Amino acid sequence: MCAFHHCGQYGPRHPTTLGPLEHGLSVQLRRTFHHHSVGASQTHLQEELLQNPDRIRVDTQYGPVTGGRANTGAIAFLEIPYALPPGRFQDPQSLPPEHHYEDKEYLYEASYCAQPKKEELIAGAPYENIVGLGEPTENPLFVNIVCPRDFKPSSDRKYPVKVYIHGGFLQLGSPHELNSQAQYIAAQRSEVWVNIGYRVSVFGFLASDEPKLSGNYGFKDQWLALLWIRDNIERFGGDPKDIQITGLSAGGHSVQQILHHATRGGLPPDGQAPFQSAMIQSNGILTNPETPSERRPQFEALCRSLGLDPRSPTILDQLRDPVALPWQRLTHVIETGKIGTAFDTFRGTLDGAQWLADDPDPITWQRSGAFARALRDKGV
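Numbering (this note's numbering), first residue to last: 46 to 425.
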C-alpha cells in the first residue's frame, strides 16, 4: 500500500530564496524548538541512554551489538553501520559476509554527515538539535533502531517496522534530529522504528556527465540501508514482511525516489521490494529532475571555487582525495557563497540508468498508471 501526501515542490529554484518546501520546514522547525524552549525539556537520546544502566544485547549476523533504554522504556541502538565507509563521490558498498561489528555499546550520537551550515534553513534552532551531539563525517551510513519497551531478544514476537528518512532539503540533517526522536521513542509505540543516515549536500548529490559522476549517492545509501533492514531487522523484533518507509520533506521526496527505483531497475524482474508500504509526508517528485549534463555547470563551479581545473584528466582523483582536499574545504566554499548562489544547492539527478530511469521520464511514468501497477507487482 502506498499513501501519497504532497505539500511542497521539488525542482530548480534560486537557492537563497526559500520555496514552499523550505519555508514550510523552516516554520516547522521554528515552532518545534520554540515549543521545547518554553515547555518540558527534551534531551538527546544519547543522554537518556547513558543515564539508564539497563543494557540489551542483540546478536546480529555481523556480531553482537549492545543498546540501552530511554526514559520511556523504549530500547535503542544508535549508529549501527549498514554499509562500508563510502568513498567520496562513489556508490556505497554493502557489508561483506565476513564483516564483524565492533563489540561495544551503541549508545552514542557520535557523528552526522558533513554538511554546509545554512542559517536560513535551520530557522535559528541550535545546530545540535538538527544533527545530534557528534562530529561531522563523510561516513554517515548507519541506522538508529528503536524497539518497543517490551522487546526481548529471545522472544519470537514480531512488530511492524517503520523506516524514517530525515528531511533537510537534501542539504542538511541527521537521524539524531530531536523532532524525529520524539516520535519514535514514544512509550505507546508497538513498532520497531529505524532512522537512516545518508550523505547530503555535495557529498550525496554532486553530479556531472563530463567527467562522469552519476550522483544520487544519498538515495543509493538509503536503498542499501533498506536492504540491510530487510535482512537484519528480525534480530531486533521487527517483521521483515511488514516494513513501511516514510519521510518528511526531503525524506518524503526520497521515499518516492525509492519507489521509482524499486519499479524500474533496482530489482530483478521477479524481485520484491525490501518494504511493503510507503507514506510520503510532502515533497514527492512533481517535476523531472535535471540530468547530469544539466548539472555540469554546478560541478565546474565547485571545481573553480576550490582552485581546481574541471577539465583536468585527474579532476575526479583530486576531488576524491580526503587528504589533499579535506571535507571542510568543500563545505566552506558553499557556506561562504564562493561557489555562487546559483550552485549551492545539490539535488538528485535523472541519470537514466543507475538510479532513476528516463524512458519514459518519471512524471510520464507516474501519470500512465504503469507506476502503480509496477509497485503492486513488486509487493508494495
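The beta carbon of each residue, even a glycine, is placed where N, CA and C say it ideally should be. No experiment lies behind these values; they were computed from the predicted model shown.
Alpha carbon of residue i to alpha carbon of residue j, nearest angstrom
i: W410; j: G311; result: 16 Å
i: G297; j: F214; result: 10 Å
i: I303; j: S357; result: 34 Å
i: V245; j: S199; result: 37 Å
i: P285; j: L269; result: 15 Å
i: S259; j: V239; result: 27 Å
i: I408; j: A419; result: 15 Å
i: G397; j: L331; result: 17 Å
i: K265; j: L293; result: 18 Å
i: Y127; j: C348; result: 31 Å
i: S322; j: T308; result: 13 Å
i: A417; j: D99; result: 45 Å
i: I175; j: Q91; result: 14 Å
i: H144; j: F388; result: 39 Å
i: G132; j: P367; result: 9 Å
i: A415; j: A295; result: 24 Å
i: Y172; j: F187; result: 20 Å
i: I101; j: F122; result: 9 Å
i: V191; j: L395; result: 34 Å
i: P342; j: G179; result: 34 Å
Reference residue i, options the options, closest by Cα
i: E164; options: G382, P193, A417 and G424; result: G382
i: A369; options: L353, P141 and I167; result: L353
i: P305; options: S139, A121, R340 and D422; result: Here the sequence assigns His to residue 305, which means Pro is not the residue at that position. Here the closest residue by C-alpha is D422.
i: I360; options: P313, T394, A398 and K257; result: K257
i: Y146; options: A417, E124 and G329; result: E124
i: G424; options: L271, S156, I384 and Q317; result: Q317
i: K197; options: T386, P342 and R280; result: R280
i: V247; options: Y107, G393 and E93; result: G393
i: H377; options: V191, Q363 and A159; result: A159
i: Y107; options: R100, L140, I120 and P161; result: L140
i: T117; options: G179, R102, S235 and L186; result: S235
i: Y157; options: D148, Y172, P181 and E173; result: P181
i: G385; options: P367, A415, F344 and W400; result: F344
i: Q373; options: Q87, F391 and P161; result: P161
i: E335; options: E380, Q363, F391 and S327; result: F391
i: P109; options: N333, D148, E173 and D404; result: D148
i: N333; options: F187, P355, E380 and D404; result: D404
i: G329; options: S299, P171 and I190; result: S299
Residue i classed as buried or exposed, judged by whether at least 16 other C-beta atoms fall within 10 angstroms
i: S413; result: exposed
i: G169; result: exposed
i: R365; result: exposed
i: Q138; result: exposed
i: T35; result: Residue 35 cannot be examined here, being either before or after the span of the chain that is shown, 46 to 425.
i: N97; result: exposed
i: S225; result: buried
i: P314; result: exposed
i: Y229; result: buried
i: Q267; result: buried
i: T88; result: exposed
i: P319; result: buried
8 Å Cβ cutoff met for residue i and residue j
i: P193; j: Y204; result: yes
i: T111; j: N277; result: no
i: D254; j: S338; result: yes
i: L152; j: L223; result: no
i: I274; j: Q301; result: no
i: S219; j: G242; result: yes
i: P142; j: N184; result: no
i: V237; j: G283; result: yes
i: E154; j: H221; result: yes
i: R340; j: A252; result: yes
i: Y262; j: D406; result: no
i: I288; j: V206; result: yes
i: L217; j: L166; result: yes
i: E93; j: A115; result: yes
Per DSSP, cross-strand counterpart(s) of residue i
i: C348; result: Paired residue(s): none; C348 is not in a bridge.
i: K207; result: W238 and Q289
i: R133; result: Paired residues: none, contrary to the question.
i: G108; result: T105
i: Y29; result: With the chain running from 46 to 425 in the structure shown, residue 29 is simply not present.
i: G283; result: Y204
i: G113; result: R100 and A121
i: N277; result: According to DSSP, N277 bridges with nothing at all.
i: P191; result: One point to set straight first is that residue 191 is Val, not Pro, in the sequence displayed. Partner(s): A121 and W238.
i: Y157; result: P181
i: P126; result: F187
Chain C within 8 Å of residue i, Cβ atoms only
i: V206; result: Among the chains in the structure shown there is no chain C, since it carries only a single protein chain.
Any non-hydrogen atom of the ligand ADP within 7 Å of residue i CB
i: S246; result: The ligand ADP is not part of the structure shown, which contains no ligands of any sort.
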